[in-house]
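Have a look at the structure below before the remarks.
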Amino acid sequence: MTTSIRRLIILALGFLAGVCVWPVAEVILFFQAGFPSYLVFLALLGAAFGAVMGVFFGSAEGITSRIKSRIPNGMLVGALVGLIGGALGFLVGQAALWLIGELFIRSFSNFQWVVLPVSRAIGWAVLGIFVGAVEGIRAVSPKKILVGILGGFVGGLAGGFALEYSRLLIPQLALSRLIGLVILGLAIGLFYGLIEQGMAFGIIRILTGELKGKEFLLNQGRMRIGKSKRNEVALPTYADLADHQVQIKIVKGDVVLTNLEPKLPMLVNEQKVQEQRLKLGDVIKIGSAKIFFKYE
Numbered sequence: 217m218t219t220s221i222r223r224l225i226i227l228a229l230g231f232l233a234g235v236c237v238w239p240v241a242e243v244i245l246f247f248q249a250g251f252p253s254y255l256v257f258l259a260l261l262g263a264a265f266g267a268v269m270g271v272f273f274g275s276a277e278g279i280t281s282r283i284k285s286r287i288p289n290g291m292l293v294g295a296l297v298g299l300i301g302g303a304l305g306f307l308v309g310q311a312a313l314w315l316i317g318e319l320f321i322r323s324f325s326n327f328q329w330v331v332l333p334v335s336r337a338i339g340w341a342v343l344g345i346f347v348g349a350v351e352g353i354r355a356v357s358p359k360k361i362l363v364g365i366l367g368g369f370v371g372g373l374a375g376g377f378a379l380e381y382s383r384l385l386i387p388q389l390a391l392s393r394l395i396g397l398v399i400l401g402l403a404i405g406l407f408y409g410l411i412e413q414g415m416a417f418g419i420i421r422i423l424t425g426e427l428k429g430k431e432f433l434l435n436q437g438r439m440r441i442g443k444s445k446r447n448e449v450a451l452p453t454y455a456d457l458a459d460h461q462v463q464i465k466i467v468k469g470d471v472v473l474t475n476l477e478p479k480l481p482m483l484v485n486e487q488k489v490q491e492q493r494l495k496l497g498d499v500i501k502i503g504s505a506k507i508f509f510k511y512e
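Each number in my numbering comes from the position in the sequence shown (counting from 1) with 216 added on.
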């Protein structure tokens with residue numbers, strides 16, 4: 217699986233998140249009058265939005281890494297983080313509505329076309345931050361959390377504007393909310409993928425064995441390669457590998473490879489090494505796996 221396919225999968229998950237959150241939203245909106253207050257309604261609506269979207273984006277790493285055990289864990293973390301982020305985002309959006317309304321409201325048209333969409337887009341951006349950060353929180357990776365925050369914020373803001381203005385521009389369309397939610401999910405997925413790619417330190421591509429052709433983004437400050445499925449780069453079917461064979465660490469912008477099991481050799485360009493700063497085009501061999509270091 218190449219990094220381009222990974223981005224397409226994340227986009228597809230964003231699309232599905234938007235589709236699946238729509239009926240949930242419609243049910244909650246139908247019962248809006250039964251809530252004790254508008255703030256309670258907003259918090260529950262936001263929590264539902266965030267939980268559903270978090271489930272989909274939380275499953276991304278397990279799907280793209282082909283490690284099924286990561287999928288349910290990611291979905292659970294995604295649901296919890298998304299629930300909190302959604303509730304907080306909608307309440308922040310309401311607070312922004314009050315603040316912006318006080319400062320800028322001049323007419324009903326001004327409120328409908330400027331104040332309301334801007335304030336709600338801020339709320340969607342907060343939701344996007346939490347949804348985007350799900351995988352980083354699951355992996356306990358500050359770098360991936362930062363990627364998720366940036367990607368989720370930009371995607372949530374852009375998608376939020378698209379969602380709000382789609383309902384204003386085509387109010388007669390019965391499915392305008394569905395279209396807006398799909399655009400929101402796609403926007404979060406798109407910008408997450410773009411920012412993740414832009415902030416990565418490079419790509420390693422598997423050249424041999426069962427995972428031949430699969431690519432891994434170096435998107436964390438520290439990653440491990442080995443047979444264990446707990447590694448960021450898991451090669452469970454490869455021979456002559458330790459559970460945790462190699463560590464990749466980013467040192468002042470350089471990619472440094474360290475052999476964690478001296479009894480098992482690590483070769484870089486056919487030369488046995490214990491530690492090596494990688495350069496573009498290096499080929500690493502550990503056990504039966506050959507790995508190519510490149511930039512996209």
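All C-beta atoms, glycine included, are put in the ideal place defined by N, C-alpha and C.
- The three-state reading of DSSP puts Lys501 in strand, counting E and B together.
- In this structure, the straight-line span from the alpha carbon of Thr474 to that of Ile300 is close to 39 Å.
- A check of alpha carbon separations from Arg438 across Lys428, Ile464, Gly409 and Ala450 identifies Ile464 as the nearest.
- If you check the CB distance, Ser275 and Met291 come in under 8 Å.
- In the same chain as Gly270, and ignoring 5 residues on each side of it, the C-beta atoms closer than 6 Å to its own belong to Gly294, Ala295, Val297, Gly298, Val347 and Val350, in chain order.
- Beta-bridge partners assigned by DSSP to Lys445: none are found.
- When rounded, the separation of the alpha-carbon atoms in Thr424 and Phe273 is 29 Å.
- By the neighbour-count criterion, in which 16 or more other beta carbons inside 10 Å mark a residue as buried, Arg493 falls on the exposed side.
- In this structure the region 407–423 does not lie against the region 377–384, because fewer than three pairs of beta carbons, one per stretch, are closer than 8 Å.
- Straight-line spacing of the CA atoms in Ile287 and Phe327 works out to 43 Å.
- Going by C-alpha positions, Leu258 is about 58 Å away from Pro481.
- Going by DSSP, Glu351 is part of the alpha helix (DSSP H) stretching over Val350 to Ala355.
- Gly375 and Arg223 have their alpha carbons spaced roughly 17 Å apart.
- If the five residues before and after Val472 are omitted, its C-beta is found closer than 7 Å to the C-beta atoms of Lys465, Glu491 and Arg493, all from its own chain and listed in chain order.
- Straight-line spacing of the CA atoms in Phe369 and Leu255 works out to 23 Å.
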